[in-house]
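Undergrad:
In my numbering, the protein residues as written are 9 to 241.
1. Just mark residue 160 as buried or exposed, buried being the case when its beta carbon has 16 or more other beta carbons within 10 Å.
2. Out of 60, 32, 20 and 209, point me to the one whose CA is closest to residue 39's CA.
3. Three or more C-beta pairs closer than 8 Å, one from the segment 113-123 and one from the segment 26-37: is that the case here?
4. From residue 234 to residue 197, what does the alpha carbon distance come to, in whole angstroms?
5. For the pair the segment 168-184 and the segment 198-217, tell me if three or more CB-CB distances fall below 8 Å.
6. Is the Cβ-Cβ distance between residue 45 and residue 81 less than 9 Å?
7. For residue 177, which residues of its own chain have a beta-carbon under 6 Å away from its beta-carbon, when the five flanking residues on both sides are left out?
8. Identify the continuous alpha helix (DSSP H) that holds residue 63 and give its terminal residues.
9. Can you name, in chain order, every residue of its own chain whose Cβ lies under 7 Å from the Cβ of residue 209, other than the five neighbours on each side?
10. As a quick exercise: from 42, 149 and 12, pick the residue whose alpha carbon is nearest that of residue 21.
11. From the DSSP secondary-structure annotation, give me the bridge partner or partners of residue 219.
12. Using the Cα positions of residue 101 and residue 225, report the straight-line distance between them to the nearest angstrom.
13. Let me know if residue 70 comes out buried or exposed under the rule of 16 or more other beta-carbons within 10 Å of its beta-carbon.
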């Protein structure tokens, strides 16, 4: 069961989502809010898995509201304007529905939410050394020890394994959350590496499985502090 909240100041938009949701088994609209301030209060009382969030609302926009949430649920932006897609991507938005949207497009967004929540629950409920990801139209088991590094490709990621690579529809941030933090480290906005696969470090680059990967400015200090713990001088 996916519990969702609607945050939108337009009654018509609220009703469209409610009607679409009735036709999807396992999707429950737990509550509806007319603005971000109301939603802030509701989220403290009602835990949800998913939030349908409008961008343009009075007093506090959806994006500004999202920036101030410490532990937001998965978010699907709903808006009549297309120019928020990039900012939404930077905030790790699950999907972006441009109003008016069809039931088919809505259903596709819910499928993405189901896949993400399955991965999250896998990590929370077990101490498994693997996850299942959707690639090539099937669920593929990926052992953590077989991963060399992960590369961000916009809305997708490429998982570089020891003998092949897989492409799946996940964000870098979400993949980073799914990986064991003691085994993997994000060195760049577009790269996560498995620590025991690092072959060498020189300047602002490191080598993993024969590939030279950049170390981003925002990640360099923390990465260097980590490496210093293992460095023999």
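Cβ atoms here follow ideal geometry from the backbone N, Cα and C, with glycine treated the same way.
TA: Once the coordinates are examined:
1. buried
2. 60
3. yes
4. 18 Å
5. yes
6. no
7. 164
8. Careful: residue 63 lies outside any alpha helix (DSSP H) and carries neither H nor E.
9. 235
10. 42
11. 216
12. 24 Å
13. buried
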